[in-house]
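A short worksheet on the structure shown next.
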Amino acid sequence: MRKFSLVEFSVNHPKLVVILSIIITVAFMTQFPKMKTDTNPKHMLPDTSDVRVWNDEVDKTFGLYEDMIVVGVKNEKGIVNTDTLGKIKEITGEIMKIKGVASRDVNSFPTITNVTAEKGTLRVAPLMTDTPKNEGELKAFGKNLYDNSLFLNRIISKDGKTTAIYVPLEKGANGKEIADRIREILKKESGDEKYYVAGDPVAKDTFGAEMFKLMRVFSPIAGMIMFIVSYIMFRSLFLSVSIMAPAMIIIICSMGLVIGLGFPIHIMSSMSPVFLMAIATDSIHIFNEFYFRFREKKDRKAAILETMKAVGKPLIYTDITTAVGFASLLLANIIPVKVFGLGVAFGTLLLLLLSFSLVPAILTFINVAKIERAAGREDAATSRTSILLRRLGSIGAYRPKATVAAGAILFALAVFGVMKINVNNNLVEWFKYKSDVRTADRILNKSLGGTSLGYIVATAQEDDFIKTPEAIRYIEGLQRHIEKLPVVGKTFSVADYVKRINRVLHDDDPQYDAVPETKNAVGQYLFLFSMSAKPSDLDNVVDPAFKKANIWVQLKTWDVQAMRDVIKGINDYQRSNPAKIELKPSGIAYFNLVWNDEVLWDMIKGFFAALIIVFIILVFNFRSIKWAIVSYVPLLFTILLLYGVVGFTGKDFDMPISVLSCLSLGMAVDFAIHFVSRLKQRLKESQEPLTDALLWTAARPGKGIMRNAMLFASAFSVMLFAPLTPYITVGAFIVSMMMLSAIMTIIYLPALITLMQGWLFKGDRQNGKQ
Amino acid sequence: MYRYLIVLLVMLLPFEVFAINAEDVMKKSQAAFLYQGKDFKARVIMKLISKGGQERTRELTMLRKNFGEAGGAQKFFMYFFQPADVKDMTFMVYKYPAKDDDRWLFIPAINMVRRIAAQDKTSSFVGSDFTYEDVSGRDIQDDTHAILKEEKLGARDCYVVKSTPKKGDVDYAHKLSWVDKGNFLPLKEEYYDKKGELSRVFTADEIKIIKGFPTITKRMMKNLLSGHRTEVTYSKADYNIGIEDSLFSERYLKQPPKKWIE
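Line by line, the protein sequences give chains A and B.
In terms of the working numbering, the first sequence opens at residue 1 and continues consecutively.
In terms of the working numbering, the second sequence opens at residue 771 and continues consecutively.
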């Protein structure tokens, strides 16, 4: 067969193979200088995606900004005092000088438009043109602030202790950089005030930047850990290096490929080194078997060839299933996800190639004397690990029914847990509870209307319709309806301006805090307002033709579920109040919802595709549907248990977890493939009874499985110490998946095979006899 | 005529740089731009055009009468035709030097005249890219002026004057004006914001001589940051038509005389 000739070739010309590998690696490395990075999670959806096109259109129609930073100022003694107000004025002025800030539309005390009536004079002007200096001025300012319902929960909290500065960003500005500049400005202030910087761009851009930073730190650390752990396992520096070499090569080549194809390194692909490193641990099966074989044969070359004969087939299939798991991401609509899938799948297949060429070649350089000493400890009968594994295997082999029954109970529990899974995503919760980003968000959401922003766009069938009292009342009704939702902290629209002006024109009589009776009145009020207000004040809530209106909805949480609730609220309102106005959601909160659903759906699609393909590969591998089903069990069981735990702990099924589900499939099945392949080989080679063969498999290839799982898990355990929760999730998920699937394989496969031996071996035995 | 004589003399002088200082240029410019004639009338069409190309139109008759010298008090009367739902709305401004304006607005839907507080002069005029100050002028002594250079703008020789507000109460850091050496009209203005970026640009796009007065009949203000722009066209412009003082009263706000507004 061809693959054996490759191994033989490599063993016979090891230097050539090593040199070739280096040349290829260097060739891929030449692409590195072309590397571009993209830290914006928003770019996961292409510019042409429906939601981005729609959001851009809405932004354009209403002169809105895609991104807004919210700066909170809190003073436990209250905001309305000369000192604090002076600081707010100064800070606002400083923020407006930052490049990338849309200064003309910064909203804060000194800039937000207020409509008041003073001694019969109508005043449309910024709320605080000068800092109030004395008691009287402070009192007047306080009255202006609290009297205008447009301000409550937007720029002043109910308790009067918190205010916000809304900082819109020009298109393409980096939220993290601007947030950092703002923090610098705030650092210079002293006093009782506390400052908080929050908002979607802060979270997203900070996350993007942190992610890259983490990857730069974690990839080498994961590599070091793998190196150390493999040294502890094999007590040979040479072997540890041999394990790391293929890992490094596939990382370089896979990154080189992605860069060479012209894709920027996005958040997803920045994770691929750690994944590839973990996948590379698959080659450990070669070293594991080599130790046993070398101890038995004492001949280097023969040991290599025999090793490859024994582990070759399972290696091919495990790598292919892993590659399929990642390749399933190619079905995704989201380009960075595709790129990630492509890169890792490529790396995995390259690893397969290296396993049959470079790894055997390296093994020929091994120092025989040293390896003898190290291999001396490797005896499936006496080594401590092997004894433990044999015991584990015997649980299943000797008490199959009890084992399976226990499994059934766990299974039922897991199903129950899975049913409790809550699909949600919250960008801000990707940061740790005590992180600056999350703290700022929590404090502001507690006292003000909310840092997450969504819009509802109302579109009428004809121009000028929004000026009709009917339309204004419809919009007002919608606001009151949506505000009943606990997640909605504040809404405002053109209706609020109309009512405010009506009241102010009628000497601040609360009775006139209502929509006027005629279209002309609405039109004239709005005109009057536009005569003095900032152009954006009106532009933000109505289009120039008065055919569309934009309702601002501030949400108290970044949960995508919140926007889903709002959409449901809109639908309810439309059903009970039919009108000639169409309502559509928009804004960043809506974007996050669509983005989340899209990723989730992509992942679920990929998951089922991988599930089917992996099964087909298993059938092909074992030439038996029965064996495919049996080796499928540890995989399914592992995944089910993990999701059961997710359901029970109440952890949201969010984007990182959904990405993992795809990947886990291809990896969790590996151990079962090794186990079943080697068991069947053993049964064919030695004529020992099934139970003995099972225990042998648990002890010897089982050791390879355990080593693989340990190495894999140790590499990923680094992530548990990350400051971002998705990393912790990914780390915890992968570590437990590897350990679980290893244990499942070693305990449950013997149990199932023992129980079902009649069914499983029916065909085989007949074949054997004939 | 005296003015022109000076200009002529200045142009004949070899040391012309020293002949006229920046403040004088701006004073003359203000007079030529905003104080021409005893009174003035025009039908004004403003097109407010958003970045996306959407238009809003404002159409009004503007009447202006001077009370005193250039730089002194003025009264404005505006009657709106468009948008349709604000038809019959009228707006009156008494402008004083070095003091806040008085403003009144008649709101036909509720048949009421309301005084409107003069606020920030740099706020938008009827939602356009022009500010109140752009429409009615800024006090010369509020800024320090310097002639940066003299250069041709198109075919016209201009002074380029940099005006820097003495107080930071406006939303720009400084302004550059290209003032025509011949008629002293501002042909172009550039406003720089506090980040040093060019934020707004004014251009005089058509100049006609009406009753001997060079008058900007088409102008544009473009906000480079928001992409929004406003185009203004004056038609039926006329000077010295004999507007009575009594027009500028609350009574006529409610019932503007047809002969003036048509």
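The beta carbon of each residue, even a glycine, is placed where N, CA and C say it ideally should be.
All of these numbers come straight from a predicted model, not from anything done at the bench.
Around the beta carbon of Ala402/A, fewer than 16 other beta carbons sit within 10 angstroms, so the residue counts as exposed. Every candidate beta strand (DSSP E) stretch fails here, since none sits fully inside the stretch 273-335 of chain A while reaching 3 residues. Spatial neighbours of Phe290/A in its own chain (CB-CB distance under 8 angstroms, excluding positions within 5 residues in sequence) are listed in chain order as Ala303, Ile304, Thr307, Leu363. Apart from the 5 residues on each side of it in sequence, Lys605/A sits with its Cβ closer than 7 angstroms to the Cβ of Leu331 in its chain, given in chain order. Scanning the stretch 727-770 of chain A for uninterrupted alpha helix (DSSP H) segments of 4 residues or longer gives 757-769, listed from N- to C-terminal end. Pairing Tyr166/A with Val70/A gives a Cβ-Cβ distance under 8 angstroms. Contact between Arg828/B and Gln852/B holds, since their C-beta atoms are separated by about 6 angstroms, short of 8 angstroms.
Pairwise C-beta distances place the stretch 224-239 of chain A out of contact with the stretch 96-113 of chain A, as fewer than three of them are shorter than 8 angstroms.
One thing to note: Asn424/A has its Cβ within 8 angstroms of the Cβ of Gln561/A. Contacts with chain A (Cβ-Cβ distance below 8 angstroms) from the stretch 800-833 of chain B involve Leu818, Ser820, Lys821, Gly822, Gln824, Glu825, Arg826, listed in chain order. Two segments are said to touch when three or more pairs of C-beta atoms, one from each, lie closer than 8 angstroms; by this definition the stretch 488-506 of chain A touches the stretch 519-536 of chain A.
Per DSSP, reduced to three states, the secondary structure at Glu76/A is coil, with no helix or strand assignment. Here Ala545/A really is in contact with Gln824/B; their C-beta atoms are around 7 angstroms apart, less than 8 angstroms.
At least one CB atom of chain B sits nearer than 8 angstroms to the CB of Ser530/A.
Ranked by how close their Cα comes to the Cα of Pro750/A, the residues Gly160/A, Ile421/A, Asp47/A, Pro689/A have Pro689/A in first place. When the beta-carbon positions are compared, Val599/A and Ile265/A stay at least 8 angstroms from each other. Residues of the stretch 885-914 of chain B with a C-beta less than 7 angstroms from any C-beta of chain A: Arg885, Ile886, Ala887, Gln889, Asp890, Ser893, Ser894, Val896, Gly897, listed in chain order. In the three-state DSSP reduction, Thr638/A falls in the helix class (H, G or I). An exposed status is given to Val26/A, since fewer than 16 other beta-carbon atoms sit within 10 Å of its beta-carbon.
With a contact defined as Cβ atoms closer than 8 angstroms, Gln31/A and Gly341/A miss out at about 19 angstroms. Under the Cβ criterion of 8 angstroms, Pro535/A is counted among the residues facing chain B.
The C-beta distance from His944/B to Met796/B rounds to 13 angstroms, too long to meet the 8 angstroms contact threshold. Taking Ser894/B as the centre and dropping the five residues before and after it, the same chain places the C-beta of Thr901 closer than 7 angstroms to its C-beta, in chain order.
In this structure, Thr973/B lies away from Asp899/B, with their beta-carbon atoms at least 8 angstroms apart. Taking C-beta atoms under 8 angstroms as the contact rule, Asp904/B and Ala868/B fail to qualify, at a distance of about 18 angstroms. Contacts with chain B at 8 angstroms (Cβ-Cβ) do not include Ala458/A.
Closer than 9 angstroms at the C-beta level to chain A, one finds these residues of the stretch 956-988 of chain B: Asp963, Lys964, Lys965, Glu967, Ser969. For Leu995/B, the nearest CB of chain A lies under 8 angstroms from its own CB, placing it at the interface with that chain. Per DSSP, the continuous alpha helix (DSSP H) segment holding Glu57/A begins and ends at 50-61. Residues Asp205 of the same chain have their beta carbon placed closer than 6 angstroms to that of Asn174/A, with the five preceding and five following residues left out of the count.
Under the three-state reduction of DSSP, Val560/A is assigned to helix. Taking C-beta separations shorter than 8 angstroms and ignoring five residues to either side along the sequence, the partners of Lys988/B in its chain run Ala974, Asp975, Glu976, Glu1001, Val1002, Thr1003, Tyr1004, following chain order. Under the 10 Å beta carbon count, Met706/A is surrounded by 16 or more other beta carbons and is classified as buried. Under DSSP, Leu152/A shares a beta bridge with Ile156/A. Around the beta-carbon of Val53/A, fewer than 16 other beta-carbon atoms lie within 10 Å, marking it exposed. The C-beta separation of Leu740/A from Ala732/A comes to about 12 angstroms, leaving the pair out of contact by the 8 angstroms criterion.
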